[in-house]
Amino acid sequence: MAEKQERNFRKTRSGYVVSDAMDKTVTVELEQRSTHPLYGKVVRTTRTVKAHDEHNDAHVGDLVSIMETRPLSKTKRWRVDSIVERAK
1338 MAEKQERNFR KTRSGYVVSD AMDKTVTVEL EQRSTHPLYG KVVRTTRTVK
1388 AHDEHNDAHV GDLVSIMETR PLSKTKRWRV DSIVERAK
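Take the sequence shown: its letters are residues 1338 to 1425, numbered as in my numbering.
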């Protein structure tokens, strides 16, 4: 009776690859939209994170889904889960 043990909840985000110059690593730009509390304007903020890409599949312009993981290096805490849409 080998029961499958479920993983803990992991954060997932989606963003565009802005750099693939490193080996097995891509830089992904994540966008967050929030409403300004006083003026009501939608403010767009972005941040970049490094994600592990085991097979070097993702390229600049691809829309990827990334998942949080254990620290893989000094700056890498995400891994590429899937490529949602290829760049045109």
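The beta-carbon is built from N, C-alpha and C at its ideal position, and this holds for glycine as well.
Out of Glu1368, Leu1409 and Arg1407, the CA that lies nearest to the CA of Val1355 is found in Glu1368. Counted as a single uninterrupted DSSP element, the beta strand (DSSP E) harbouring Lys1387 occupies residues Val1379 to His1389. In this structure, the CA atom of Glu1405 is about 27 Å from the CA atom of Lys1425. By the neighbour-count definition (other C-beta atoms within 10 Å, threshold 16), Val1363 is a buried residue. Annotated three-state conformation of Met1359 is coil, per DSSP.
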